[in-house]
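**Student:** For what it's worth, full-length UniProt numbering labels the leading residue of the sequence shown as 1, then goes sequentially.
Even for Gly, the Cβ is constructed at its ideal location relative to N, Cα and C.
If you're wondering where the values come from, they're calculated on a predicted model, not measured in any experiment.
Quick one: this structure, given as structure tokens, is what I'll be asking you about.
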Amino acid sequence: MTFINQDIFLEAIQNYSFQDTVKLLQLNVELYSSRTFYSSIFIFTSSFVTFFMFGWFYFLKILFRDYEVKRVFVQLSFAGTFATSLTLFELMLFEIMGFMDEEWRYRFWKLNLIILSVDLILVLPYYQFYLLLLPYGFSRFRTFVMSLLMLVLYLFLFWKIGDPFPILKEDRGLVSLEMGVGRIGIIGVTVMALLSGYGAVNVPYLYIAYFLRPVKDSTIVVLEKQFQHRLDKIFNKKKRVLMAKKELQRRISSEVRQVTPKSSIFQWIPNILWYNKPASPYDDIKQLEQEVKTLEDLNRDLFFQIYELKLEKERIKFSTTWQVFMSTINIVFDRKNGMDPVSRAFDIAFRYFHIELDFEYWSQYVSFLLIGIMTATSIRGFLNQILKLFHEYSSNLSSNNIILILAQVMGMYFISSVLMMRTNVPEDYRKNITEILQDIEFNFYHRWFDFIFIPSSLFTTIHLILNAKSKSTNISDE
């Protein structure tokens, strides 16, 4: 970059001595470095604060609005991990765009990875153990010491995870950034592969018409009639229960009025014997209540079946509408297979609108814009899926523990995404990440991803097949 105007430089050579010219150049270099420093710090800090505020808003208003989270540190931990994770993707985009000074990008890469690694390996696990021990009523000091001991055990197991895997090209000692990121990557890539395997099978199952179960209107009508018929039966039986209870109460009141204190003992004995004897009205009421409970359980299952069938029908409508829309697009724009969307868009621009563009330059930016959009949607889907999982299976954990686990998994997921994206980025744009993590065996994570992805997709396929058969069996039984 030019630090000084060419005319000023020539004038300095003619009118000043060599030493004065060198001092002038040094002054301009210092001014440029200072300007670069402040601009880089401002960009990085402002983007981090923006991500942090967005993460906090998303946490309070969308993701965990149904959870009661009173601990501010838990909220800050989630928002901080979210912001640091998104900053990794921002730096990756900066590498592609050549935005910001290269030296400062390198520093921010290293700072971001160190902060996120310390957060995932030390801070979040320790606070997790602290919150787990807090309800047991130990003193604050004892809880602190026990949390530290559990953290030491966790660190030992965490370090042992990497022993069987070739995550490093050469050993850098007991503690290094590469060792921490490498072990985080193993867990994160495993989570990525499991979710990707699930999504690769489940998304086509949900949205492609070929995999959707055919739903007939007559089937829904029959089930709704059965549902209404059972509702009528439940109403009639509850009405009979109420009438039987009133009749029993009337009979008991009548018997009590007939037996007065002046009555002889011979009048009391038959009534007492009759009252203690298992009476027919009691048996009728108990039997009717049991029948009502059984019908309500069956009707609840039938209601969910009707609901799922209607959802299935809506998905078929959506799939059909999408197919018609895409078919129209294909006819109008003469789309063909074998070309990615970005290349197709530029091809249309070149052929139909006669626009002269630098194809490689703009396709690079547009591709990464699409990658950014896909990343944002995958982040949202990832957070929602993990939240559903914890909401269903973590009744023994507090909401604070759930959030910390989610924050830790989220950070590992994003670090692993960067490790996976690094191999797919051109050589010129991965210089900084390669220099920082030069000893990591990046190709291993792609092999490990494939190793986990295949079983995950197979198990998901088996689960969906069994689930579909179970639903069809239940409907046929009805």
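Buried or exposed: where does Phe451 fall if 16 or more other Cβ atoms within 10 Å of its Cβ makes it buried?
**Tutor:** exposed
**Student:** Taking the C-alpha atoms as reference points, what is the distance between Phe442 and Leu86?
**Tutor:** Each residue's alpha carbon lies about 21 Å from the other.
**Student:** Should Tyr136 be labelled buried (16 or more other beta-carbon atoms within 10 Å of its own) or exposed?
**Tutor:** exposed
**Student:** When you compare only the Cα positions, how much space is there between Tyr106 and Leu437?
**Tutor:** 11 Å
**Student:** Inspect the beta-carbon positions of Ser416 and Gly188 and report whether they are closer than 8 Å.
**Tutor:** yes
**Student:** So which of Phe94, Ile167, Lys286 has the shortest CA-CA distance to Tyr445?
**Tutor:** Check the Cα spacing between Tyr445 and each of Phe94, Ile167, Lys286: the tightest is with Ile167.
**Student:** Thinking C-beta only, is Phe108 closer than 8 Å to Ala79?
**Tutor:** no
**Student:** Go to Ile161, then tell me how far its alpha helix (DSSP H) extends in each direction, as first and last residue.
**Tutor:** DSSP places Ile161 in the uninterrupted alpha helix (DSSP H) bounded by 140–161.
**Student:** My understanding is that Leu288 touches Ala244, with C-beta atoms under 8 Å, so please give their C-beta distance in whole angstroms.
**Tutor:** Contact flag correct, Cβ pair sits at about 7 Å.
**Student:** Could you tell me the distance, in whole angstroms, from the CA atom of Ala468 to the CA atom of Arg230?
**Tutor:** 25 Å
**Student:** Any contact between the region 125–139 and the region 458–467? By contact I mean 3 or more CB pairs, one from each, below 8 Å.
**Tutor:** no
**Student:** Here's a check: name, in chain order, each residue in its chain whose Cβ is nearer than 8 Å to the Cβ of Phe73, leaving out the five neighbours to either side.
**Tutor:** Closer than 8 Å at the Cβ level, and outside the excluded window around Phe73, lie Tyr127.
**Student:** Among residues of its own chain, excluding the 5 on either side of Ile272, which ones have a beta-carbon nearer than 7 Å to its beta-carbon?
**Tutor:** Because Ile272 carries a pLDDT of 48, less than 50, the predicted location of this residue cannot be relied on, and the following value inherits that uncertainty. Counting only Cβ-Cβ distances below 7 Å, and skipping sequence neighbours, we find nothing.
**Student:** Suppose the cutoff is 8 Å on Cβ atoms and the five residues either side in sequence are ignored; what does the same chain contact list for Ile285 look like?
**Tutor:** Val241, Ala244, Lys245, Leu248
**Student:** Classify Leu168 as helix, strand or coil using the three-state DSSP reduction.
**Tutor:** strand
**Student:** Considering Cα atoms alone, identify which of Val123, Leu155, Val145, Val292 is closest to Asn236.
**Tutor:** Val292
**Student:** Among the candidates Gly199, Ile62, Tyr307, whose CA atom is the shortest distance from the CA of Ile454?
**Tutor:** Gly199
**Student:** Asp163: buried (16+ other C-beta within 10 angstroms of its C-beta) or exposed?
**Tutor:** exposed
**Student:** Taking the CB atoms as reference points, tell me whether Phe449 and Ala193 lie closer together than 8 Å.
**Tutor:** yes
**Student:** Residues in the same chain with beta-carbon distance under 6 Å from Phe82, minus the five sequence neighbours each way, listed in chain order, please.
**Tutor:** Gly55
**Student:** Assuming Leu132 is part of the alpha helix (DSSP H), what are its boundary residues?
**Tutor:** 124–133
**Student:** By alpha-carbon positions, which one of Phe44, Glu224, Ser139 ends up nearest to Leu111?
**Tutor:** Phe44
**Student:** To the nearest angstrom, how far is it from the Cα of Ser218 to the Cα of Ser470?
**Tutor:** Their Cα atoms are separated by approximately 20 Å.
**Student:** Pick out whichever of Asp119, Ile433, Leu131, Ile114 has its Cα sitting closest to the Cα of Ser176.
**Tutor:** Ile114
**Student:** Can you tell me the Cα-Cα spacing of Leu88 and Phe165, whole angstroms?
**Tutor:** C-alpha of Leu88 to C-alpha of Phe165: approximately 25 Å in a straight line.
**Student:** Quick one: what's got a C-beta closer than 7 Å to Tyr130's C-beta in the same chain, skipping five residues either side?
**Tutor:** The answer, listed in chain order, is Thr143, Ser147.
**Student:** Check for me: the alpha helix (DSSP H) holding Tyr106 runs from which residue to which?
**Tutor:** Counting along the chain, the alpha helix (DSSP H) containing Tyr106 begins and ends at 102–118.
**Student:** Please return the same chain residues whose Cβ sits closer than 7 Å to the Cβ of Leu91, not counting the five positions on each side in sequence.
**Tutor:** Arg105, Phe108, Trp109, Asn112
**Student:** Let me check understanding here. Comparing Cα to Cα, which of Ile121, Val418, Gly182 lies closest to Leu155?
**Tutor:** Ile121
**Student:** Measure the CB-CB distance between Ile440 and Glu178 and report whether it falls below 8 Å.
**Tutor:** The answer is yes: Cβ separation under 8 Å.
**Student:** Enumerate in chain order the residues of its own chain whose CB-to-CB distance from Ile405 is below 6 Å, with the five nearest sequence positions on each side excluded.
**Tutor:** Sequence-distant partners of Ile405 (beyond 5 residues in either direction) whose C-beta falls short of 6 Å from its own C-beta are missing from its chain.
**Student:** Taking 7 Å as the limit between beta carbons, can you name the residues of its chain near Lys238, skipping five residues before and five after?
**Tutor:** Val292
**Student:** Hey, Thr84 and Leu116: beta-carbon distance below 8 Å or not?
**Tutor:** yes
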